[in-house]
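My numbering applies: residue 15 is where the sequence shown begins, and numbers increase by one. Reviewing the structure listed below.
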Amino acid sequence: MPKYDFLVIGSGIAGLSYTAKLASHFADKKQDVKIAVITKTVAEETNTKYAQGGIAAVWNNEDSFEKHIEDTMIAGDFLSDPKVVEIVVKEAPARLQELIDYGTEFDKKADGSYDLVKEGGHSDHRILHHKDSTGNEIERALLAKVKSFPSVEIFTHYFAIDLITQHHLGEKVTKDTPDKKCYGVYVFNTLTGKPETFLAKTTLLATGGIGQIYQSTTNPTIATGDGISMAYRAKALVDNMEFIQFHPTSLYQPGKKPSFLISEAVRGHGGILKNKDGETFMENYDPRLSLAPRDIVARAIDSEMKKNGVDHVYLDTRHLEAEDFKHHFPMIYNYCKDHLGLDITGNDMIPVVPAQHYLCGGIKVNEYSQTTINYLFAAGECSCTGLHGANRLASNSLLEAIVYAHRAFEKTIEIYQENTIPDNIPDWNDDGTTHPEELILVTEMTRELESIMSNYVGIVRTDRRLKRAYDRLELIYIEHEELYRESKLSVQICQLRNMINAAYLVIKHAIARKENRGLHYNLDNIR
């Protein structure tokens, strides 16, 4: 069993920025440590890679921390933790400067200053971006930085199965067990088809979101709630799972998964939402019009679609200066032209529809990314820091990831040597299991789960829909558990296991929430 000082599960912005800081810190001290990063496919395939819009921070004298804090609190429907919001906003400039120092190239104006843009819910221009592919640029720079350190070993095509705790030593572990400890993770090597054991003094979960539990999502196919589900099974606390953010404007392409995102920045640049008749409608829902927060815009679009019996609305960019639009949004312009034959700076509007985009809840962590299991940390979308409250402010997610990755780094170097890994941790035991003859069962269960979540646990909910979702998911859970116990490990079976866990948590938390706040909107809560 390989043993590491630091184990990182996930290779997006949270995992890589944390890894870069660790490796740099110990390199400066000329101290040898072992750092492992495991990722379920290739290292660059992450939620981060697909982030278009940008990363928010107070970056000039016209803006202020107070305004960014207020915008975040308003977007989060005042369920955000004020202390956390202040921490993230005030530490943002320093963390962003580190990304720049690592080689991230954000767009600049002709005078050399950064081209700051404004997105929905923001009161000022504070979004740093790289064209309309900011996440991809950050991922590029961080991967290059991490790969420069000999102390880091990246394991691709390794699927994390379960966290290792005292439970695997025969001890009873519950969510109330006061001294739960993490010793690493069991993983499935998808290239060899064999389970392996990775032991570590500290483990960071940076596994992204849960988008694949929905039929329509902007998340990549890897976003199956793996970290959240592993932590939940290990008896860590999970919070705020009812707050699912649907991006108002994914490109309307029926049957395509993941959905192609039309960045919020397009509306910040002047794009205007219109209905099937080419008429504006946001004035009927919010005075901020097309730049209202995402929960409001998504519900408005959902209402317009239902009212008019249509499958999408439009985002109009025809009035914007063509060359300027192509410069700022080359990926969006070319995708619409190449895949749908649309000239969105000429005669054509962009057909858009809401799609699941971001999870505002996750594994409960403190201000240093510590979960309720000792030596287990979480950062990025899989974590619940308290920043987003009931709804995430645009471009605060990448920011949260780097701030909390830094805080996890500060705490792990302080405590990692305190964890003693037992000598009697068993290997993964799959005795008595066989390879399933028909994986079509997994495919069918996955499709049913996606249908349940999309139809009953979407933008607008009711008590009846949530109860129906719970009952139907329970049947899938029972069927899958039997298959899981009898089968050799496979990515398909393990992913579905995690998706069922994640869906259960969303439904459970949605049923428990008896007020409409932010992204949770239940018609039966309206009095």
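Backbone N, C-alpha and C fix where the C-beta goes; we use that ideal spot for every residue, glycine too. Treat the numbers as computed from the prediction; the structure is a model and nothing was measured.
- Cα atoms of Lys17 and Phe257: separation of roughly 37 Å, rounded to the nearest angstrom.
- DSSP, reduced to helix, strand and coil, places Cys398 within a strand of the structure shown.
- Within the segment 243 to 283, the alpha helix (DSSP H) runs of at least 4 residues that lie entirely inside it are, in chain order, 278 to 282.
- Judged by DSSP in its simplified three-state form, Lys425 adopts helix.
- Residue burial is scored here from C-beta neighbours: His341 has fewer than 16 other C-beta atoms within 10 angstroms and is therefore classed as exposed.
- For Glu133, the number of other beta carbons within 10 angstroms of its own is at least 16, and it is reported as buried.
- For the pair Lys378 and Ile224, the Cα-to-Cα distance works out to about 16 Å.
- Within the same chain, Cβ atoms closer than 8 Å to the Cβ of Arg479 are found at Asn469, Tyr470 and Val471, the five residues on either side in sequence being excluded.
- Residue Thr118 holds the alpha-carbon nearest to the alpha-carbon of Leu157 among Thr191, Ser137 and Thr118.
- Only exposed fits His353, as fewer than 16 other CB atoms lie within 10 angstroms of its CB.
- Per DSSP, reduced to three states, the secondary structure at Val505 is helical.
- Take the alpha-carbon of Val56 and the one of Asn203: they are about 13 Å apart.
- By the criterion of a C-beta distance shorter than 6 Å, Met467 is surrounded in its chain by Ile227, Tyr228 and Ala517, once the five residues flanking it on both sides are discounted.
- Here Phe92 is exposed. Its C-beta has fewer than 16 other C-beta atoms within 10 Å.
- Where Ile83 is concerned, the enclosing alpha helix (DSSP H) starts and stops at Phe79 to Ala89.
- When Ser147, Gln506 and Lys43 are compared, the shortest CA-CA separation from Leu275 is found for Ser147.
- Residue range Ile364 to Leu373 is occupied by the beta strand (DSSP E) that includes Ala369, with no alpha helix (DSSP H) assigned at that position.
- Per the DSSP secondary-structure output, Asp330 pairs in a beta bridge with Ile286.
- Around the beta carbon of Glu458, fewer than 16 other beta carbons lie within 10 angstroms, which makes this residue exposed.
- In the DSSP assignment, Leu21 forms a beta bridge with Ala50 and Thr217.
- No Cβ-Cβ contact shorter than 8 Å links Ser383 with His449.
- In this model, Thr331 and Ile346 are separated by some 12 Å (Cα to Cα).
- By the CB criterion at 8 Å, Leu533 and Asp309 fall inside the cutoff.
- Taking 8 Å as the upper bound for CB-CB distance, Gly241 and Ala392 are in contact here, some 7 Å apart.
- Listed in chain order, the non-local C-beta contacts of Ser397 below 6 Å within the same chain comprise Gly376, Ile377 and Val379, local neighbours out to five positions each way being set aside.
- Scanning its chain for C-beta atoms nearer than 6 Å, with the 5 sequence neighbours on each side dropped, one finds around Val103 the residues Phe79, His82 and Ile83, in chain order.
- Taking every protein chain shown into account, the CB of Met244 has 16 or more other CB atoms within 10 angstroms, so this residue is buried.
- CA-to-CA, the gap between Ile286 and Glu318 works out to about 15 Å.
- The distance from the Cβ of Phe20 to that of Ala214 is about 6 Å, consistent with a contact at the 8 Å cut-off.
- A contact is defined here as three or more CB-CB pairs under 8 Å, and the segment 418 to 435 fails this definition with respect to the segment 285 to 303.
- Taking C-beta atoms under 8 Å as the contact rule, Thr170 and His371 fail to qualify, at a distance of about 26 Å.
- By the CB criterion at 8 Å, Tyr328 and Ala314 fall outside the cutoff.
- Taking the C-beta atoms as reference points, Met513 is found nearer than 8 Å to Thr238.
- DSSP places Arg302 outside both helix and strand once states are collapsed to three, so it counts as coil.
- Put simply, of Arg421, Glu493 and Ile236 the residue whose alpha carbon is nearest the alpha carbon of Glu381 is Arg421.
- Counting C-beta atoms within 10 angstroms of its own C-beta, Gln111 has fewer than 16 neighbours from the protein chains shown and is therefore classed as exposed.
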